[in-house]
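Shown next, in structure tokens, is the structure this report addresses.
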Amino acid sequence: MPVPYSPGLEGVVAAQTEISEVDGQNGRLIYRGGYLILELANRSFEEVAYLLWHGELPGRKQLEQLKKQMAAGRSLNEQATAALGGLRRDVDPMDAMRTVLSAQGAAPDCPKPTLDEAVALTAVAPTVVAAYYRHQRQQELVEPNPDLGHAANFLYMLSGEEPEPERTHCLETYLVLLADHGLNASTFTARVAASTGTDLCSAMIAAIGALKGPAHGGAATAAMNMLEKIGTAESMS
93 MPVPYSPGLE GVVAAQTEIS EVDGQNGRLI YRGGYLILEL ANRSFEEVAY
143 LLWHGELPGR KQLEQLKKQM AAGRSLNEQA TAALGGLRRD VDPMDAMRTV
193 LSAQGAAPDC PKPTLDEAVA LTAVAPTVVA AYYRHQRQQE LVEPNPDLGH
243 AANFLYMLSG EEPEPERTHC LETYLVLLAD HGLNASTFTA RVAASTGTDL
293 CSAMIAAIGA LKGPAHGGAA TAAMNMLEKI GTAESMS
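Under my numbering, the very last position in the sequence shown is 329; numbers go up by exactly one each time.
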């Protein structure tokens, strides 16, 4: 008997996860361990990342260890730096992210994903974004500052100046809110790629490709462009 077709996998249980739950009917986002997002909004990104990876919030020693590990993994390697330098300055930022991160993770064989690799990719992703931002503007790259946290360091690499605490807090909250959103198109794509036994970076690149689409992450880009045009028009009027 043929299996009924379900457009968009509606009603089909495609995977199970304990990482997060998007309770759309009740307007709730729940992270691992049953934490409502409002309970975590004032936590650091590193604390929430640890929670998602380990299933519990870190103690002081665990948090400091994770911060040091992430700080050590922020720099672009030679392959990634070369890939960045070869990009046109007008390519889509998601193309830049996909290309440079792919070069960063290019290595022999097909290693099994590890937590250390996940930490390293998380640490270097903001560096890729900041580096392309400055590449677009023909500015020298700003090396990561190991004394700053994940959010503050990203802002620092964009401008070369240590950010105000208020700006860091706003970005930190934003990153915490977006740390995981369940089984959307890009995370589903990453799971499909990972299920083949591929390496973690390849799974991430697959997810970035899905995120670029105008029906997924590209929708946010379109909204941002619209707001920028409105702001420009209002400033000229």
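All C-beta atoms, glycine included, are put in the ideal place defined by N, C-alpha and C.
Note that the structure is a prediction, hence the values are computed from the model and not measured.
Going along the chain, which residues of its own chain have a beta-carbon closer than 6 Å to the beta-carbon of residue i, five neighbours each way excluded?
i, result
"Val220", "Met189, Val192, Leu193"
"Ile111", "Arg124, Leu144, Asp272"
"Ala286", "Ala295"
"Glu254", "Tyr248"
"Leu233", "Ala223, Arg226"
"Ala172", "Val192, Ala195, Gln196"
"Leu130", "none"
Suppose the cutoff is 8 Å on Cβ atoms and the five residues either side in sequence are ignored; what does the same chain contact list for residue i look like?
i, result
"Leu207", "Trp145"
"Asn332", "Outside the shown range of the chain (93 to 329) lies residue 332, about which nothing can therefore be said."
"Arg166", "Ala215, Val216, Pro218, Thr219, Pro236, Pro238, Asn245"
"Ala107", "Leu275, Phe280, Arg283"
"Gly241", "Ser136, Phe137, Glu138, Lys159, Thr260, Glu264"
When we look at the beta-carbon of residue i and count the other beta-carbons within 10 Å, is it buried (16 or more) or exposed?
i, result
"Thr109", "exposed"
"Lys321", "exposed"
"Thr260", "buried"
"Val105", "exposed"
"Asn245", "buried"
"Thr288", "exposed"
"Ala298", "buried"
"Ala312", "exposed"
"Met162", "buried"
"Tyr266", "exposed"
"Gly197", "buried"
"Lys160", "exposed"
"Pro150", "buried"
"Ala133", "exposed"
"Ser278", "buried"
Which residue marks the beginning of the alpha helix (DSSP H) containing residue i, and which one marks its end?
i, result
"Leu144", "137-146"
"Tyr224", "207-228"
Excluding the 5 residues preceding and the 5 following residue i in the sequence, name in chain order all residues of the same chain whose CB lies nearer than 7 Å to its CB.
i, result
"Leu292", "Pro205, Glu209, Ala210, Leu213"
"Thr290", "Cys202"
"Leu250", "Ala222, Tyr225"
"Glu113", "Ile122, Gly274"
"Gly310", "Lys304"
"Val229", "The amino acid occupying residue 229 in the given sequence is Arg; Val does not appear at that position. Cβ neighbours of Arg229 beyond the five flanking positions: none."
"Gln154", "Tyr142"
Could you name the residues that DSSP lists as bridge partners for residue i?
i, result
"Arg120", "Asp115"
"Leu128", "Ile122"
Segments of 4+ residues assigned as alpha helix (DSSP H) that fall wholly inside the stretch 246-313: 257-269, 277-287, 292-304
Restricting to runs no shorter than 4 residues, where is the alpha helix (DSSP H) found entirely within the stretch 141-191? 152-164, 170-177
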